[in-house]
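At position 95 of the sequence shown the residue is numbered 95 (UniProt numbering), and the sequence of numbers has no breaks.
Quick reminder that beta carbons are idealized off the backbone N, C-alpha and C, glycines included.
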Amino acid sequence: MEDKQVKVASPLTNIIRARLSTDNLQVQWQVLGEYADISKMRCRRIYAKPGKKLDLALFCDSGRIYVLDAWCSHMGGPLFDGQIEDYNGSCHVMCPWHAYMFDLKTGKNEIGLKQKVYPVKVENGIVSVLYQHELGLHPFL
Numbered sequence: 001m002e003d004k005q006v007k008v009a010s011p012l013t014n015i016i017r018a019r020l021s022t023d024n025l026q027v028q029w030q031v032l033g034e035y036a037d038i039s040k041m042r043c044r045r046i047y048a049k050p051g052k053k054l055d056l057a058l059f060c061d062s063g064r065i066y067v068l069d070a071w072c073s074h075m076g077g078p079l080f081d082g083q084i085e086d087y088n089g090s091c092h093v094m095c096p097w098h099a100y101m102f103d104l105k106t107g108k109n110e111i112g113l114k115q116k117v118y119p120v121k122v123e124n125g126i127v128s129v130l131y132q133h134e135l136g137l138h139p140f141l
């Protein structure tokens with residue numbers, strides 16, 4: 001009689017495999033639109049298909065485009081309603097609720113708060129952001 005080895009994956013192994021394959025499939029370049037249009041937007045909310053908690057904020061200053069989490073890490077204020085300011089020699093967004101300033105390049109704040117910053121690319125006049133969910137300039141129905 002032949003001895004066959006059967007490998008049984010633990011539930012944790014299955015969860016890790018599922019998460020890795022899902023993450024790898026979902027994180028991709030999401031097209032936002034044409035640079036000619038996007039570059040005219042000073043501050044803009046970018047809608048995520050799964051819902052508002054995952055929305056992003058787009059900022060354009062001097063032709064540079066930045067994308068951060070939409071909601072302030074302090075108390076959830078809408079950063080896309082904030083003002084872009086030159087602060088200590090670099091470009092920042094000021095949260096409209098409590099005036100916290102976040103560097104648009106790093107997401108950092110002077111008191112240790114941080115916003116996640118997402119990679120942005122412009123290719124052939126099209127602006128894209130590296131993100132795990134489908135995005136749009138208008139709410140998903």
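Query raised in the report: Near Val117, which residues of its chain fall below 6 Å by C-beta distance, leaving aside the five closest residues on each side in sequence?
Result: Leu68, Gly107
**Report entry** Start-to-end residues for the beta strand (DSSP E) that takes in Ala57
**Finding:** 56–61
Query raised in the report: Leaving out the 5 sequence neighbours to the left and right, which residues in its chain are closer than 8 Å to Arg42 when beta-carbon positions are compared?
Result: Phe59, Cys60, Asp61, Ile84
**Report entry** Local Cβ density within 10 Å of Phe140, reported as buried at 16 or more and exposed below that
**Finding:** exposed
Report task. Compute the Euclidean distance between the alpha carbons of Gly136 and Leu56, then round it to the nearest angstrom. Result -> 10 Å
Requested in this report: Please report the Cβ distance between Lys105 and Ser128, rounded to the nearest whole angstrom; I am assuming they are in contact, meaning their Cβ atoms lie under 8 Å.
Outcome: With a Cβ gap of about 18 Å, Lys105 and Ser128 do not count as contacting.
Query raised in the report: If you check the beta carbons only, do His133 and Leu54 fall under 7 Å apart?
Result: yes
Requested in this report: Determine the direct distance from the alpha carbon of Gly82 to that of Gln28, and round the result to whole angstroms.
Outcome: 27 Å
Query raised in the report: Excluding the five sequence neighbours on either side, which residues of its own chain have a C-beta within less than 8 Å of the C-beta of Tyr125, listed in chain order?
Result: The question names Tyr, but residue 125 is Gly in the sequence shown. Within the same chain, Gly125 has close Cβ partners Glu34, Tyr35, Ala36.
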